[in-house]
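Following: one structure in structure tokens, then a few remarks.
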Amino acid sequence: MNRRLSTVIVLLTFASLAHPQQQESPTPALPSDVPKEAHIRTVLSDKTPSGQDAVWTTPDGAVHEFFQFNDRGRGPKIYTTYKLDAKGIVVTEDSKGVDYMKNPVEEHFELAGASASWKNQAEDTHQSNASGKAYVDLDGGPESLAVLTRAAIKNGGKIDLLPSGQTTVRSVKSVPVEASGTRISATLYEVSGLGYEPAYVWLDESQQFFATTYGWSSTARQGFESVVPILHKAQQEVENSRAAELARALTHVPSGDVVIRNVGLFDSEAAKILPKQRVVVHEDRIASVAAEAGQVTPANAEIIDGSGRTLLPGLWDMHAHLFPLNAFMDVAAGVTTVRDMGNSIDDLTLLRKHIADGTQIGPRVVPAGFIDGPGPFEGPIKVLAATPQEAVMRVDRYADLGYVQIKIYSSVKPELVPIIANEAHKRGLRVSGHVPAGMIAEQFIRDGANEIQHMNFVFLNFMPDVKQTRTPERFIAPGKRGADLDLNSPQVNDFIALLKERRVVIDPTMGVWENTYTDRQGQIPKIDQAMFDRLPVQAQRGIKAGGGSLPVPDDATDKTYRASYAKMETMLKKLYDSGVQLVAGTDAGSGYALHRELEIYTQAGIPAPAVLRMATLEGARVMHMDKDFGSVTPGKYADMILVNGDPTTQISDIRKVDLVVKNGNLLRPAELYHAIGVH
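Position one of the sequence shown corresponds to residue 1185 (the numbering used here), numbered consecutively onward.
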């Protein structure tokens, strides 16, 4: 049911197909082999049609599904055939096509009596004692979730799963909707046991698929696209109620002061450890920081022994796209502040409200407003500007809403960049983004950009012949040609001098490029390796199946991509050595992805203490928030993490977060992870 896709589709920069398709329409046409009698569902990207899900039944009883969508040249195209038994359990399933990144995928499952076998990108296995169990696929479309839901309902609301586990299904809400004179009662079903959190699917009165909605992506029965906002809001209410229950159970509010004693304190200003310190927290602020010796403990204080551990400021992820699940996982990983680099205005506003009022566990959010230009490769957030007047209006709206930065995306016309930058600077906002198609990074900077997202755009500065950077060519060209870039050339040195002169920040998102150029299907990506064995089984399967890297047709391409990524690490170190401001951001949704990002920086040769300063104080400084955040200093907000080890000497110790203090409240990562099936 493509559970792994639900994460991929909400990210903005992961890699794409090997040969970009110059499509004139963002919505691909249905292929001719889809019969006219097929039931059609529309795939929506932020309310805009981007694909289809077609389902039909043939005389032999087989259910066929064709699923596709286009996301800036990316997106799956998969045919699936299901055969079901009398209980609605799948006995054979075959899928074939390409995944979101245009990698070929093929999946086969067969249940014969008590014996089951299946093969896909992650597995080739057999299991006995499988009778009555439902297979959880990797590549089926939205219909597979409806099939599983109906099978569980027929089985009394729960059913054992293959390869393992059990799912529980319950109806949680019914909503009457109407479109084109047809009225339907849509029921929301909560499907637990498939991953970190429940999946949700809307079925009609006959328990046939009606809709799914997740983040920016929805799929709805054709003709009922207009009711998706109603369903989305109703589903959000259910999800928010669950999040509030978790927040109440897992947030520990101290009854008095909190004293963390005898702890090694990371001084983010000096980038060094101060041994045997005592830190006192009063309400939501840091009250005092002093050497442990001779200190008096306040009355009724909660004492936390920091012996053998390190206290650091809360981590900053400077490139996030926040949703409730990754907000939760951020805090579990010690990330207490994120900069959201593009999101639905309404959804992010609501999420920030819930985080602020304590009904959603999540980090503080520093919002950047996303602006793109209209066209076949426009981004999934439909805040678009085609004229100078529209550009100014978009900036002003974000400024009026309290946003602090504008993120320009790939389809913005180059002539609009200085207009956006001028208006943003006039309103006190920073400007960053992808370098729009038709420009190189140097032009982007000279037109007013304060920051560049993603290392690939740094490399593309030296490939001016690559014009269509709206397309996946922005990934492919640096992968094929980056290895040959001379980092000591006058062109590179002059560009770095410009970065320093203009004080331009680079947000390299190195984990994205490690994934794009070096990860392979069937292998565990480096970003997930340290956590993999702790994750829910279905999450493990989706991760191992891949879907985030470029297609690699041969060994020569593999070697070239790996060499290009290595050159990116070398460039990262050169930028650091040259005094260019770097910020640590992930463009990923797992929380722990930031740990890998920091490991990559040390792997490139940047000292661990400097990396930790980058992920704390320097993030706050770039956003002009260091008065209240970024260091463990009296008077600042009590956003801190207690780590079992010393990440200044071994950066991987940053993964060992024992305690998160956010706004003075205590959250224990072990409890948070347990609540979402991570052990």
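Beta carbons are placed, not taken as given, at the ideal position from N, Cα and C, and that holds for glycine.
Open item on the list: Just to confirm the assignment, what range does the beta strand (DSSP E) spanning F1251 have?
Closed with: In the sequence shown, the residue the question calls residue 1251 occupies position 67. DSSP places F1251 inside the beta strand (DSSP E), whose first and last residues are V1247 to F1253.
For R1704, count neighbouring Cβ atoms within 10 angstroms of its own Cβ and tell me buried if that reaches 16, exposed if not. As a working mapping, residue 1704 is identified with position 520 in the sequence shown. Its Cβ having fewer than 16 others within 10 Å, R1704 is exposed.
Exercise for the section: Mind checking which residues open and close the beta strand (DSSP E) that includes P1360? Expected result: For the purposes of this step, residue 1360 is identified with residue 176 of the sequence shown, where counting begins at 1. Per DSSP, P1360 belongs to the beta strand (DSSP E) from Q1350 to A1363.
If we call anything under 7 Å between Cβ atoms a contact, is F1408 one with A1363?
For this step, residue 1408 is matched to residue 224 along the sequence shown. For this step, residue 1363 is matched to residue 179 along the sequence shown. At a Cβ-Cβ threshold of 7 Å, F1408 and A1363 count as neighbours.
Original post:
What does DSSP give as the partner residues of Y1745 in its beta bridges?
Top reply: Counting from one through the sequence shown, the residue named residue 1745 turns up at place 561. Y1745 pairs with nothing; no bridge assigned.
query: By Cβ distance below 7 Å, which residues in the same chain neighbour Q1206 in space, the five residues on each side in sequence not counted?
result: What you label residue 1206 is simply residue 22 of the sequence shown in a count that begins at 1. Note that Q1206 scores 37 on pLDDT, short of 50, meaning its location in the model is unreliable; the coordinates nonetheless yield the value given after this. Nothing listed; no residue qualifies.
Spell out a yes or no on whether the segment 1263 to 1271 and the segment 1426 to 1445 are touching, meaning 3 or more CB-CB pairs, one atom from each, closer than 8 Å. No, they do not touch.
Query raised in the report: Short check: CB of A1608 to CB of V1579, under 7 Å?
Result: Taking the sequence shown and counting its residues from 1, the one referred to as residue 1608 is at position 424. Taking the sequence shown and counting its residues from 1, the one referred to as residue 1579 is at position 395. In this structure, V1579 lies closer than 7 Å to A1608 by Cβ.
Own chain, CB closer than 6 Å to E1486, minus 5 neighbours either side, in chain order: Reading the sequence shown from its first residue, position 302 is the one you call residue 1486. Close CB contacts of E1486 within its chain, under the 6 Å cut and outside five residues either way in sequence, are with P1438 and V1442 (chain order).
Worksheet item: Looking only at C-alpha atoms, which of A1517, T1521, V1550 and I1592 sits nearest to T1533?
Response: To locate residue 1533, count along the sequence shown from 1; it is residue 349. If we check each option's Cα against that of T1533, V1550 comes out closest.
With DSSP run on the structure shown, which of helix, strand or coil describes A1517? As a working note, residue 1517 is residue 333 in the sequence shown. Three-state result, A1517: coil.
Handout entry: Backbone secondary structure at R1687 - three-state DSSP
Key = Indexing the sequence shown from 1 puts residue 1687 at position 503. In the structure shown, R1687 sits in coil (DSSP, three-state: anything other than H, G, I, E or B).
inquiry  = Taking a contact to mean a Cβ-Cβ separation below 7 Å, would you say G1490 touches N1446 in this structure?
reply    = Along the sequence shown, one-based indexing puts residue 1490 at 306. Along the sequence shown, one-based indexing puts residue 1446 at 262. Taking 7 Å as the cut-off, the beta carbon of G1490 is found closer than this to the beta carbon of N1446.
Practice task
Would you mind reading off the limits of the beta strand (DSSP E) that contains W1400?
Solution key: Indexing the sequence shown from 1 puts residue 1400 at position 216. Where W1400 is concerned, there is no enclosing beta strand (DSSP E), given that its DSSP letter is neither H nor E.
Query raised in the report: Given A1246, which residues of its chain have a CB within under 8 Å of its CB, disregarding the five upstream and five downstream residues?
Result: Taking the sequence shown and counting its residues from 1, the one referred to as residue 1246 is at position 62. Answer for A1246: T1265, Y1266 and K1267, listed in chain order.
Backbone CA spacing between D1530 and A1540 [nearest angstrom]:
Position 346 of the sequence shown, counted from the first residue, corresponds to residue 1530. Position 356 of the sequence shown, counted from the first residue, corresponds to residue 1540. If I take the Cα positions, the gap works out to 15 Å.
Considering only residues of the same chain and omitting the five flanking positions on each side of A1222, which have a CB-CB separation below 7 Å?
For this step, residue 1222 is matched to residue 38 along the sequence shown. Closer than 7 Å at Cβ, skipping near neighbours: A1238, V1239 and W1240.
| query | Are the beta-carbon atoms belonging to Q1589 and R1630 less than 7 Å from one another? | reply | Indexing the sequence shown from 1 puts residue 1589 at position 405. Indexing the sequence shown from 1 puts residue 1630 at position 446. At the C-beta level, Q1589 and R1630 stay beyond 7 Å of one another.
Opposing strand residues paired with H1395 [DSSP bridges]
On the sequence shown, residue 1395 is found 211 positions in, with the first residue counted as 1. Residue identity differs from the one stated: residue 1395 is Ala in this sequence, not His. A1395 pairs with W1386 and A1404.
*For A1318 and K1651, the rounded distance between their alpha carbons*: Here residue 1651 corresponds to residue number 467 of the sequence shown, with the count starting at 1. Here residue 1318 corresponds to residue number 134 of the sequence shown, with the count starting at 1. Between K1651 and A1318, the C-alpha separation is close to 48 Å.
To which residues of the same chain is A1822 closer than 7 Å at the C-beta, ignoring the five residues directly before and after it?
Here the question's residue 1822 lines up with position 638 in the sequence shown. Result list for A1822: V1465, D1468, R1469, I1470, V1845, N1847 and G1848, in chain order.
Closest Cα partner of D1739 within the set Y1701, H1618 and G1324
Numbered from its first residue, the sequence shown carries residue 1739 at position 555. Nearest of Y1701, H1618 and G1324 to D1739, Cα basis: Y1701.
Whole-angstrom Cβ separation of L1372 and S1355, contact assumed at under 8 Å? Taking the first residue of the sequence shown as position 1, residue 1372 is located at position 188. Taking the first residue of the sequence shown as position 1, residue 1355 is located at position 171. Right, the Cβ-Cβ distance comes to about 7 Å (below 8 Å), so this counts as a contact.
Requested in this report: Name, in chain order, the residues that DSSP records as bridge partners for S1616.
Outcome: Indexing the sequence shown from 1 puts residue 1616 at position 432. By DSSP's assignment, S1616 forms a beta bridge with K1591.
Item to check | Other residues of its chain near P1648: CB distance less than 6 Å, five sequence neighbours each side excluded | outcome: Looking up residue 1648 in the sequence shown gives position 464. Once the five neighbours on either side are set aside, the close Cβ partners of P1648 are I1624.
*What's the C-alpha gap between H1538 and M1525?*
For the purposes of this step, residue 1538 is taken as the residue at position 354 of the sequence shown. For the purposes of this step, residue 1525 is taken as the residue at position 341 of the sequence shown. For H1538 and M1525, the distance between alpha carbons rounds to 19 Å.
How many Å lie between A1569 and I1603 at the Cα?
For this step, residue 1569 is matched to residue 385 along the sequence shown. For this step, residue 1603 is matched to residue 419 along the sequence shown. When rounded, the distance between both Cα atoms is 11 Å.
Throw me the rounded Cβ distance for the S1594 and R1654 pair, which I believe falls under 8 Å.
As a working note, residue 1594 is residue 410 in the sequence shown. As a working note, residue 1654 is residue 470 in the sequence shown. Between S1594 and R1654, the beta carbon gap of about 4 Å places them in contact (Cβ cut-off 8 Å).
Legend entry - Contact under 7 Å by Cβ, T1309 with E1294: Here residue 1309 is taken as the residue at index 125 of the sequence shown, counted from 1. Here residue 1294 is taken as the residue at index 110 of the sequence shown, counted from 1. No, the pair does not count as a contact, with Cβ atoms beyond the cut-off.
To the nearest angstrom, how far is it from the Cα of F1394 to the Cα of F1250? Here residue 1394 is taken as the residue at index 210 of the sequence shown, counted from 1. Here residue 1250 is taken as the residue at index 66 of the sequence shown, counted from 1. Put simply, the backbone Cα of F1394 is about 16 Å away from that of F1250.
Exercise. For E1423, collect the residues of the same chain with a Cβ closer than 7 Å to its Cβ; drop the 5 residues on either side in sequence, then sort them by chain order.
Key: Residue mapping note: residue 1423 aligns to position 239 of the sequence shown, counting from 1. Apart from sequence neighbours up to five positions away, the residues of its chain that approach E1423 with a beta-carbon distance below 7 Å are P1508, ordered along the chain.
Problem - Nearest to G1611 (by Cα), restricted to the options S1279, L1585, D1670 and P1720 - result: Locating residue 1611 in the sequence shown gives position 427, counting from the first residue. Note that residue 1611 corresponds to Arg in the displayed sequence, not to Gly. Comparing Cα-Cα distances from R1611 to each of S1279, L1585, D1670 and P1720, the minimum goes to L1585.
Subject >> Given T1352 as reference, the closest of R1367, K1710, Y1384 and S1315 once Cα atoms are compared >> reply: Counting from 1 along the sequence shown, the entry for residue 1352 is found at position 168. In terms of Cα proximity to T1352, the closest of R1367, K1710, Y1384 and S1315 is Y1384.
Would D1742 count as contacting chain E if we go by Cβ distances under 7 Å?
This model lacks chain E altogether, as it is built from one protein chain only.
query: Is the beta carbon of V1816 sitting closer than 7 Å to the one on M1824?
result: In the sequence shown, the residue the question calls residue 1816 occupies position 632. In the sequence shown, the residue the question calls residue 1824 occupies position 640. If you check the CB distance, V1816 and M1824 come in under 7 Å.
Any idea what DSSP makes of G1726, helix, strand or coil? One-based indexing of the sequence shown puts residue 1726 at position 542. In the three-state reduction of the DSSP assignment, G1726 falls in the helix class.
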